[in-house]
Amino acid sequence: MLQRIRVFFAERNVLEVETPLLSHTSGTDPQLAFFTSTYETPPHSQPLFLQTSPEFAMKRLLAAGSGSIYQICKAFRNGEAGRFHNPEFTILEWYRVDFDLAQLMSEVERLFDILFDGKLNAPQRISYQTVFKQYTGLNALIFSFEDYSAFVKHANLPDAISICGDSHALWLDFLFSFCVQPHLGANGLCLVYGYPACQSSLARLNAENLLITERVEVFINGIELGNGFHELTDVAEQNRRFDAEIQTRQQENLPAAVKDECLLAALENGLPDCSGIALGLDRVLMVLADSPAIADVLSFEFSRA
């Protein structure tokens with residue numbers, strides 16, 4: 189799998205890069221928990237963070253003029269262990285300069301066709317609004333507590349009301365995970381695009397509809413494999429979103445996050461127009477090997493590490 193990926197990008201003149209896994213800053217996304225370490229230089233010490241993805245460092249390279257790049261590396265997310273999760277996992281992340289989201293989706297489809305020897309069903313592209321409406325009957329872009337609550341009561345998912353409260357983003361995550369995602373990508377690639385704006389802190393807004401963003405997620409057999417964006421290049425908007433996420437973390441009593449000022453400086457300098465995506469390679473290998481759990485494709489999963 190790794191060899192085919194490297195050949196795929198070499199043939200397209202996409203440069204393989206390496207960036208730090210240990211950083212002075214953390215991500216701000218309230219949905220992601222990070223690992224904290226300490227760098228000791230007695231009598232001084234400073235906190236450091238294992239990266240949840242190489243995204244911010246790779247964008248700094250893009251702003252410095254790297255051109256299109258990719259990376260295969262480890263990423264770390266605290267509190268995530270189970271059938272589809274391991275706290276330490278392998279990620280493939282790549283960025284294509286001058287690609288829009290449709291071009292990126294075409295490249296994803298081609299990569300999966302190669303990895304799976306052309307044995308997958310024909311890929312499907314569908315908008316988030318359409319697939320959400322198909323399986324819930326609800327409007328994904330306009331939140332109605334009454335409508336959403338009525339649906340989960342009818343679907344025998346009443347816990348959603350106490351879990352999600354009045355947060356549109358939490359409701360979407362809950363309903364999509366339980367009611368939509370299991371139906372996606374039957375023995376084939378399903379690319380869901382056009383996510384609601386409340387769910388995408390790193391994607392640019394759609395020029396024709398500010399309620400959605402230029403974001404895509406990749407699924408096979410109900411398993412989420414990747415998350416991509418037509419990348420946000422507006423430094424002021426990115427800073428505003430970071431601040432909003434930091435405020436959310438404070439309100440939810442989550443560990444404090446350190447905003448990546450180096451990324452903001454890179455955006456200020458100028459991030460080229462590009463699209464990028466991250467794929468969880470352990471999950472891809474699960475599907476390739478027809479394995480029921482991520483532990484089956486890891487040398488030593490978390491409990492045996």
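Quick note on our numbering: the sequence shown kicks off at 189 and runs consecutively.
Where a beta carbon is used, it is the ideal one built from N, C-alpha and C, also for glycine.
Spatial neighbours of alanine 328 in its own chain (CB-CB distance under 8 angstroms, excluding positions within 5 residues in sequence) are listed in chain order as Tyr316, Gln317, Phe320, Lys321, Leu360 and Pro384. The C-alpha of serine 479 is placed about 16 angstroms away from the C-alpha of leucine 308. Exposed is the label assigned to arginine 298, since fewer than 16 other Cβ atoms lie within 10 Å of its Cβ.
For glutamine 369, the CB contacts under 8 angstroms within the same chain, skipping 5 residues up- and downstream, are Phe407, Gly410 and Glu412 in chain order. Annotation: valine 195 to leucine 203 spans about 11 angstroms, alpha carbon to alpha carbon. For cysteine 462 and histidine 371, the gap between their C-alpha atoms comes out near 30 angstroms. Per DSSP, the unbroken alpha helix (DSSP H) holding arginine 437 starts and ends at 423–439. Out of Leu292, Val205 and Gln234, the CA that lies nearest to the CA of leucine 379 is found in Leu292.
Note on the segment 381–419: whole beta strand (DSSP E) runs with a minimum of 3 residues are 403–408 and 411–418, in chain order.
The segment 435–444 makes no contact with the segment 417–426; the number of CB pairs closer than 8 angstroms stays below 3. Excluding residues up to 5 positions away in sequence, Ala385 and Thr401 lie with their Cβ nearer than 7 angstroms to the Cβ of leucine 393 in the same chain. In this structure, threonine 229 keeps its C-beta atom at 8 angstroms or more from the C-beta atom of leucine 236.
Annotated three-state conformation of histidine 232 is strand, per DSSP. Within the segment 336–386, the complete beta strand (DSSP E) segments at least 3 residues long are 376–381, listed from N- to C-terminus. Taking 8 angstroms as the cut-off, the Cβ atoms of arginine 471 and phenylalanine 339 do not count as close. Under the rule that a run must span 3 or more residues, the beta strand (DSSP E) segments found entirely inside the segment 276–317 read 276–285 and 309–315. About 16 angstroms separates the beta carbon of valine 296 from that of glutamine 259, a gap too long to meet the 8 angstroms contact definition.
Under DSSP, glutamate 204 shares a beta bridge with Tyr258. The three-state secondary structure of leucine 209, taken from DSSP, is coil.
Boundaries cannot be given for glycine 270, as no beta strand (DSSP E) includes it and DSSP labels it neither H nor E.
Listed as beta-bridge partners of cysteine 462 by DSSP are Val285. In the same chain as arginine 265, and ignoring 5 residues on each side of it, the C-beta atoms closer than 7 angstroms to its own belong to Leu220, Ala221, Thr240 and Pro275, in chain order. Annotation for glutamine 191: the continuous alpha helix (DSSP H) segment containing it runs 190–199. As DSSP reads the structure, tyrosine 227 sits in a beta bridge with Gln234.
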